[in-house]
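Visitor: Count along the first sequence from 1, then add 1; that gives the number in our numbering.
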Amino acid sequence: MRIATWNVNSLNVRLQHVLDWLRANPVDALCLQELKLPDDRFPAADLAAAGYAAAWAGQPTYNGVAILTRTETVGPPLDVLRGNPRFEDPQQRLITATVAGVRLVCAYFPNGQSVGSDKYAYKLAWIDALLGWLPELQRAHPLLALAGDYNIAPEDRDVHHPAAWAGQVLCSEPERERFRALVALGLIDAFRRFDQPDRLFSWWDYRALGFRRNAGLRIDHLLLSPALAERAVSCTIDKAPRRLDKPSDHAPVVVEIAD
DNA sequence: ATGGCCCGTAGAACGGGA
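1. If you compare alpha carbons, which of Ile258, Asp206 and Leu229 is closest to Ser249?
2. Answer yes or no: the CB of Arg213 versus the heavy atoms of the ligand COA, is any distance below 7 angstroms?
3. Per DSSP, what kind of secondary structure is Gln139 in: helix, strand or coil?
4. As an exercise, report each continuous alpha helix (DSSP H) stretch of at least 4 residues that is fully enclosed by the region 25 to 66, in chain order.
5. With which residues is Asn8 paired in a DSSP beta bridge?
6. For Asp159, which three-state DSSP category applies?
7. Between the region 226 to 244 and the region 74 to 84, are three or more C-beta pairs nearer than 8 angstroms?
8. Given Ala228, which residues of its chain have a CB within under 7 angstroms of its CB, disregarding the five upstream and five downstream residues?
9. Ala171 and Leu218: beta carbons closer than 8 angstroms?
10. How long is the line joining the alpha carbons of Val160 and Gln60, rounded to whole angstroms?
11. Do you know how far the Cα of Gln92 is from the Cα of Trp7?
12. Alpha carbon to alpha carbon, how far is Ala165 from Arg24? Give it in angstroms, no decimals.
13. Please classify Arg215 as buried or exposed, where buried requires at least 16 neighbouring CB atoms within 10 angstroms.
14. How close, in whole Å, do the beta carbons of Leu132 and Leu183 come, if the pair is a contact with beta carbons under 8 angstroms?
15. If we count the other Cβ atoms within 10 Å of its Cβ and call it buried at 16 or more, is Gln17 buried or exposed?
16. Under 8 angstroms between the Cβ atoms of Val28 and Ala5?
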């Protein structure tokens, strides 16, 4: 099966890009972040017509996450859970479902704005709460995937200009420590299991010709439990949608898992 | 050198993103 994650920066604006991408890349599960629409405006009918069922958690203006599943191959998302049961949060940033036996967590980590800000403190607390919840999930689900926009570039090689980003939000040591804490729980960064080109990122700033200059960061990740990681056969970042008119600033990340 | 865009809500700018 193939699992993908993509921050679409408004599903309303990007619906056609998602439909086009799914037609060309009929993954079995697609995690979406930054829907930026309330639940009653989620385009379930358009996705169903394209062969995808969905579970979503939206809100007006900000955040919002969804898990799409290819009905023909894996059926609808099962046992859907919104949010983290250990963290009361009005911001819709987490949705979990079972897809073909895999417990799939779709996450939109907080951005954090700037180191030392209130939003940064919220980011760290949010991640700590996720770290608190994951062991329970791991015990119940040997096949576990944590997919999404982490808003963390784990290492300097995930940053186009490490010196300029040193200590800044997305690259600060407390954030990177938490990424390593996720790995220390026993989760594996699917992307780094394989040979990858240098300077391949998943996000590029809209400003200053960021994509043209490849001024990007790798902040969208798929962490897999060992039982899943040992079955992974590839992990790729698809830059093609970033070249379209009115693109999302993020590219999809795809992992293929052997049967 | 600096800052450079995009989205939603609004009904003009502004908060937020990263």
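Note that the Cβ used here is the ideal one computed from N, Cα and C, for glycine as well.
Guide: Taking the definition as stated:
1. The shortest C-alpha to C-alpha distance from Ser249 to any of Ile258, Asp206 and Leu229 is the one to Asp206.
2. Absence of the ligand COA from the depicted structure is noted, as is the absence of any ligand whatsoever, leaving it without description.
3. Helix at Gln139.
4. Segments of the alpha helix (DSSP H) lying fully in the region 25 to 66: 45 to 50.
5. The partner list for Asn8 (beta bridge, DSSP) reads Gln34.
6. DSSP, read as helix, strand or coil, puts Asp159 in helix.
7. No, they do not touch.
8. Close CB contacts of Ala228 within its chain, under the 7 angstroms cut and outside five residues either way in sequence, are with Pro143 and Leu144 (chain order).
9. First, the residue type needs correcting, since residue 171 is Leu and not Ala in the sequence shown. Yes, they are a contact pair.
10. Rounded to the nearest angstrom, the two C-alpha atoms are 31 angstroms apart.
11. If I take the Cα positions, the gap works out to 18 angstroms.
12. Approximately 38 angstroms, taken between the alpha carbons.
13. Here residue 215 turns out to be Asn, not Arg, going by the sequence shown. Asn215 is exposed by the Cβ-count criterion.
14. With a Cβ gap of about 7 angstroms, Leu132 and Leu183 count as contacting.
15. Gln17 comes out exposed.
16. Contact: yes.
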